[in-house]
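Data block below; observations after.
In the working numbering, the protein residues as written are 1 to 635.
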């Protein structure tokens with residue numbers, strides 16, 4: 001008997017992308033509905049802490065939820081935002097395009113028609129992006145019943161049969177004057193169907209592997225049967241009945257977009273054994289080769305040897321009749337892009353049983369869990385000896401930062417992330433740094449860390465060194481590290497000084513942040529240094545020339561200048577004679593009239609000739625007079 005696998009089968013790009021994102025998700029992440037239509041994959045992910053929920057109402061505020069490849073409507077994103085739920089969007093790019101096409105058709109005020117299964121989650125999500133105004137059909141008879149309209153737009157379920165889609169579109173062309181067609185069938189779906197059809201025409205029978213609730217797998221079985229080829233749709237190898245293939249010599253195998261490689265490989269191995277043993281072997285006898293030993297349980301450590309490797313997993317012989325699966329997420333942290341990047345056929349190592357043994361499932365083993373025990377021992381030693389340990393920032397939430405220490409997960413509370421108050425630790429994501437362990441509980445998988453404790457020790461060392469080099473009346477460069485209403489704190493290389501708002505500039509400043517930002521480099525003068533209290537007073541203004549002094553050098557007592565009234569007082573008026581200089585025109589120098597009010601003589605904005613009668617450089621005061629000019633003219 002010859003066994004052939006279709007050239008295009010198994011995970012498509014969108015499904016593989018979604019599964020990879022789920023495999024890399026943190027423990028406790030929930031998927032909104034089953035990540036894909038494959039019970040075995042869903043169960044395996046659940047054992048790794050990534051389980052499905054039916055709605056956002058089942059998750060707590062601040063949780064992480066993964067949107068599956070079928071996509072969801074816009075209201076889910078809005079609800080997630082209200083609950084502060086972090087969304088990891090694994091929507092297939094082809095589905096995303098169909099959603100946006102549906103939205104554009106509706107907003108262009110055209111009748112929207114979606115070709116696909118009414119109850120399929122992908123079709124439901126596309127309809128929701130079309131504000132639920134779509135007509136959903138999947139049969140030619142339903143297309144015939146649609147009433148005529150001027151403008152119509154069509155999108156199609158990404159896994160729909162291409163031939164059937166074309167037949168329905170031909171009918172819809174008679175139902176409108178303007179038909180806008182969006183061909184949103186995934187090219188991988190088309191290639192998978194074409195490969196299955198070509199293979200079904202050559203073989204004696206076809207095996208279609210995939211979830212019974214998977215639409216695209218069901219269509220693969222349908223197109224194979226349309227070729228008059230006996231076709232059997234199975235979810236796993238355990239459903240195969242050797243009697244189906246009695247008298248046959250050529251069997252074809254294909255798989256839906258939601259079927260992982262290891263399930264396909266299991267079917268291939270069953271058929272290869274069937275070929276070797278002959279079709280008279282009973283199914284149970286054949287499948288005994290893949291049965292599990294009842295003595296194995298979760299947590300057991302066994303010797304393993306790699307017998308085959310795919311992109312998603314390695315198959316490991318552990319002494320049972322069945323080969324265990326080592327998913328790439330259980331090979332290393334972070335998970336490798338491909339399992340073959342880390343493990344190879346012939347590798348031998350100890351693994352731990354990661355999932356319980358159940359009927360119709362496969363033993364999942366883990367290298368990561370083996371490594372965790374060694375990593376916990378290292379962490380315990382660091383904690384007991386008050387030693388620092390290295391970690392890598394992974395992701396943030398409102399409470400702080402999640403980090404990894406080799407295969408372990410730890411947490412840095414927001415208050416322990418920095419020596420200064422910070423609103424977020426986003427800057428540490430992807431960074432490698434040292435931390436101090438402040439609390440651990442291996443049984444509760446709790447590991448609380450502090451970066452602040454490390455920084456404080458470093459800061460004290462730098463501070464002691466910096467204090468040795470700081471003297472009053474010296475100029476230094478520093479970095480703005482904090483801004484307050486009354487000034488800015490400047491790091492001088494391990495020690496901080498206060499730059500008061502009044503010492504930033506000679507000009508009046510409304511707010512510190514108008515002229516300075518955190519991270520700015522500034523050149524300052526150390527005005528005062530109290531060593532006992534470790535208080536340093538800084539100034540930028542002291543290093544700048546007083547603009548008033550520079551401006552007044554242009555004037556002398558006796559000069560007649562033009563002034564503009566800026567403010568009116570009871571005793572006189574304030575006039576600007578230069579952008580930097582204002583002077584007082586006292587009422588006695590404005591008029592000889594007794595009892596006159598200044599506001600009756602001048603108004604804000606008035607311009608007049610005045611004489612400078614006094615300059616006080618120390619007090620920055622200038623006295624002006626109108627009467628002095630008048631008296632000189634009279635004389």
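A virtual CB, placed ideally from N, CA and C, is assigned to each residue, including glycine.
Collapsed DSSP secondary structure at residue 540 in the structure displayed: Stepping through the chain shown from its first residue, residue 540 is reached at position 540. Look at residue 540 here: in three-state DSSP terms it is coil, with no helix or strand label.
Own chain partners of residue 359 with C-beta closer than 6 Å, once the 5 adjacent residues on each side are dropped: Against the chain shown, residue 359 aligns to sequence position 359. Because the pLDDT at residue 359 is just 45, under 50, the model does not fix this residue reliably, and the point stays unresolved.
Same chain, Cβ closer than 7 Å to residue 616, neighbours up to 5 away in sequence not counted: The sequence position of residue 616 within the chain shown is 616, counting from 1. There are no such residues.
C-beta atoms of residue 447 and residue 440 nearer than 8 Å: In the chain shown, residue 447 corresponds to position 447, counting from 1. In the chain shown, residue 440 corresponds to position 440, counting from 1. For residue 447 and residue 440, yes; Cβs fall inside 8 Å.
Presumed contact (8 Å Cβ cut-off) between residue 611 and residue 625, rounded CB distance: Taking the first residue of the chain shown as position 1, residue 611 is located at position 611. Taking the first residue of the chain shown as position 1, residue 625 is located at position 625. That pair is a contact at about 5 Å.
Nearest neighbour of residue 396, chosen from 62, 5, 54, 14 [CA to CA]: For the purposes of this step, residue 396 is taken as residue 396 along the chain shown, with counting starting at 1. Comparing Cα-Cα distances from residue 396 to each of 62, 5, 54, 14, the minimum goes to 62.
Candidates 587, 337, 550: closest to residue 568 by CA position: In the chain shown, the residue the question calls residue 568 occupies position 568. For residue 568, the nearest C-alpha among the options comes from 587.
Cβ neighbours of residue 426 in the same chain (closer than 8 Å, five flanking residues each side left out): As a position in the chain shown, residue 426 is number 426, starting the count at 1. 396, listed in sequence order.
Runs of alpha helix (DSSP H) lying entirely within the segment 499-527, each at least 4 residues, in chain order: If we require 4 residues or more, the segment 499-527 turns out to have no alpha helix (DSSP H) run fully inside it.
Exposure label - residue 529; buried when at least 16 CB within 10 Å: In the chain shown, the residue the question calls residue 529 occupies position 529. By the Cβ-count criterion, residue 529 is buried, with 16 or more other Cβ atoms from all chains shown falling within 10 Å of its own Cβ.
Minimum length 4: unbroken alpha helix (DSSP H) runs contained in the segment 348-396: Counting whole runs of 4 or more residues, the segment 348-396 contains the alpha helix (DSSP H) stretches 368-384.
Buried or exposed (CB count within 10 angstroms, at least 16 for buried), residue 710: In the structure displayed, the chain extends from 1 to 635; residue 710 sits before or after that span and is not available.
Residue 394 beta carbon less than 8 Å from that of residue 429: Here residue 429 refers to the residue found at position 429 of the chain shown. Here residue 394 refers to the residue found at position 394 of the chain shown. The Cβ atoms of residue 429 and residue 394 lie closer than 8 Å to each other.
Whole-angstrom C-beta distance between residue 304 and residue 646, which should lie under 8 Å: In the structure as shown, the chain starts at 1 and stops at 635, and residue 646 therefore has no counterpart that could be examined.
Backbone CA spacing between residue 380 and residue 85 [nearest angstrom]: Taking the first residue of the chain shown as 1, we reach residue 380 at position 380. Taking the first residue of the chain shown as 1, we reach residue 85 at position 85. Computed Cα separation, rounded: 33 Å.
Buried or exposed (CB count within 10 angstroms, at least 16 for buried), residue 535: In the chain shown, the residue the question calls residue 535 occupies position 535. Residue environment analysis places residue 535 among the exposed positions, since fewer than 16 neighbouring C-beta atoms fall within 10 angstroms of its C-beta.
Check whether residue 352 and residue 326 have beta carbons under 8 Å apart: For the purposes of this step, residue 352 is identified with residue 352 of the chain shown, where counting begins at 1. For the purposes of this step, residue 326 is identified with residue 326 of the chain shown, where counting begins at 1. No, they are not a contact pair.
Residues near residue 83 by beta carbon distance below 7 Å, same chain, minus five either side: Here residue 83 refers to the residue found at position 83 of the chain shown. 56, 61, listed in sequence order.
Cβ contact check for the segment 21-32 and the segment 65-73: 3 or more pairs under 8 Å: Per the Cβ contact rule, the segment 21-32 is in contact with the segment 65-73 (3 or more Cβ pairs under 8 Å).
Contact set for residue 467: own chain, Cβ-Cβ below 7 Å, skip 5 residues either direction: Counting from one through the chain shown, the residue named residue 467 turns up at place 467. Closer than 7 Å at the Cβ level, and outside the excluded window around residue 467, lie 495.
Whole-Å CB distance - residue 376 paired with residue 442, under 8 Å assumed: Locating residue 376 in the chain shown gives position 376, counting from the first residue. Locating residue 442 in the chain shown gives position 442, counting from the first residue. With a beta-carbon spacing of about 5 Å, residue 376 and residue 442 fall inside the 8 Å limit used to define contacts.
Cβ-based neighbour list, residue 77, same chain, cut-off 7 Å, excluding 5 preceding and 5 following: For the purposes of this step, residue 77 is taken as the residue at position 77 of the chain shown. Exclusion of the five residues before and after residue 77 leaves 87 as the residues of its chain whose Cβ lies within less than 7 Å of its Cβ.
Three-way DSSP call (helix, strand, coil) for residue 415 in this model: Numbered from its first residue, the chain shown carries residue 415 at position 415. In the structure shown, residue 415 sits in a helix (DSSP, three-state: H, G or I).
Pairwise C-alpha distance: residue 258 and residue 516: Position 516 of the chain shown holds residue 516. Position 258 of the chain shown holds residue 258. Rounded to the nearest angstrom, the two C-alpha atoms are 55 Å apart.
Contact belief for residue 115 with residue 137 at Cβ below 8 Å, rounded distance in angstroms: Against the chain shown, residue 115 aligns to sequence position 115. Against the chain shown, residue 137 aligns to sequence position 137. Taking C-beta atoms under 8 Å as the contact rule, residue 115 and residue 137 qualify, at a distance of about 6 Å.
Residue-chain proximity (residue 543, chain D), Cβ-Cβ < 8 Å: No chain D appears in this structure, which consists of one protein chain only.
CA-to-CA distance, residue 153 to residue 182, given in whole angstroms: Along the chain shown, one-based indexing puts residue 182 at 182. Along the chain shown, one-based indexing puts residue 153 at 153. Spanning the alpha carbons of residue 182 and residue 153 requires a straight line of approximately 8 Å.
Contact check, residue 193 vs residue 170, beta carbons under 8 Å: The residue labelled residue 193 in the question sits at position 193 within the chain shown. The residue labelled residue 170 in the question sits at position 170 within the chain shown. Here residue 193 is not near residue 170, since their CB atoms are 8 Å or more apart.
Per-residue DSSP class, three states only, for residue 482: Against the chain shown, residue 482 aligns to sequence position 482. Per DSSP, reduced to three states, the secondary structure at residue 482 is strand.
Residue from 140, 162, 187 whose Cα sits closest to the Cα of residue 172: Taking the first residue of the chain shown as 1, we reach residue 172 at position 172. Checked all of 140, 162, 187; the closest Cα to residue 172 is 140.
Cβ neighbour criterion (16 or more within 10 Å) applied to residue 294: For the purposes of this step, residue 294 is taken as residue 294 along the chain shown, with counting starting at 1. Here residue 294 scores only 45 on pLDDT, less than 50, and its place in the model should not be relied on; the value that follows carries that caveat. Residue 294 comes out exposed.
Among 51, 59, 96, 52, the one whose alpha carbon lies nearest that of residue 73: Within the chain shown, residue 73 is the residue found at index 73, counting from 1. Among 51, 59, 96, 52, the Cα nearest to that of residue 73 is on 96.
CB-CB length for residue 421 against residue 449, believed under 8 Å: Taking the chain shown and counting its residues from 1, one reaches residue 421 at position 421. Taking the chain shown and counting its residues from 1, one reaches residue 449 at position 449. Your pair residue 421 and residue 449 does not check out as a contact, with CB atoms roughly 18 Å apart and the cut at 8 Å.
Endpoints, beta strand (DSSP E) assigned at residue 131: As a first step, residue 131 is located in the chain shown; it is residue number 131 there, counting from the start. Run containing residue 131: none; DSSP gives neither H nor E here.
C-alpha gap between residue 149 and residue 134, whole angstroms: What you label residue 149 is simply residue 149 of the chain shown in a count that begins at 1. What you label residue 134 is simply residue 134 of the chain shown in a count that begins at 1. So the alpha carbons of these two residues sit roughly 14 Å apart.
Inter-residue spacing [alpha-carbon to alpha-carbon] between residue 283 and residue 342: Position 283 of the chain shown, counting from 1, holds the residue named residue 283. Position 342 of the chain shown, counting from 1, holds the residue named residue 342. Caution is warranted here: a pLDDT of 45 is assigned to residue 283, below 50, making its placement in the model unreliable, and no coordinate value can be reported.
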